[in-house]
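Let me begin by presenting the structure, written as structure tokens, before commenting on it.
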Amino acid sequence: MSLPALAVVFGDRLGTAAAVALVVAGLLFAAWTAGLAARSAARTTAEQARRDREVLDSLDPLAGLGR
Numbered sequence: 001m002s003l004p005a006l007a008v009v010f011g012d013r014l015g016t017a018a019a020v021a022l023v024v025a026g027l028l029f030a031a032w033t034a035g036l037a038a039r040s041a042a043r044t045t046a047e048q049a050r051r052d053r054e055v056l057d058s059l060d061p062l063a064g065l066g067r
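Below, the structure written as structure tokens:
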């Protein structure tokens with residue numbers, strides 16, 4: 001989150017447009033990072049559910065017949 005900090009510190013020297021661009025770039029980067037984290041969490045949850053089903057199926061050999 002250093003981009004908004006740079007915008008505040010150097011805002012007087014950069015001008016309004018550059019300061020706004022730095023803030024917007026920081027927000028876009030934060031949103032992109034949150035999206036990656038959410039996608040990774042969803043992928044991990046799906047993989048865990050698949051592994052849980054495999055373990056349960058291996059514990060009950062007749063469970064696969066009912067599906």
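In this note's numbering, the protein residues as written are 1 to 67.
Glycine residues also receive a C-beta, built at the ideal position from the N, C-alpha and C atoms.
Could you tell me how far apart the beta carbons of residue i and residue j are, in whole angstroms, since I believe they sit closer than 8 Å?
| i | j | result |
| --- | --- | --- |
| LEU36 | LEU22 | With a Cβ gap of about 21 Å, LEU36 and LEU22 do not count as contacting. |
If you draw a straight line from the alpha carbon of residue i to that of residue j, how long is it in whole angstroms?
| i | j | result |
| --- | --- | --- |
| ALA25 | ASP12 | 18 Å |
| ASP60 | GLU54 | 10 Å |
| GLU47 | GLY15 | 48 Å |
Tell whether a beta-carbon distance below 9 Å holds between residue i and residue j.
| i | j | result |
| --- | --- | --- |
| ALA19 | PHE10 | yes |
Report the start-end ranges of each alpha helix (DSSP H) in the segment 6-51 that is 4 residues or longer and not cut off at the edges. 11-14
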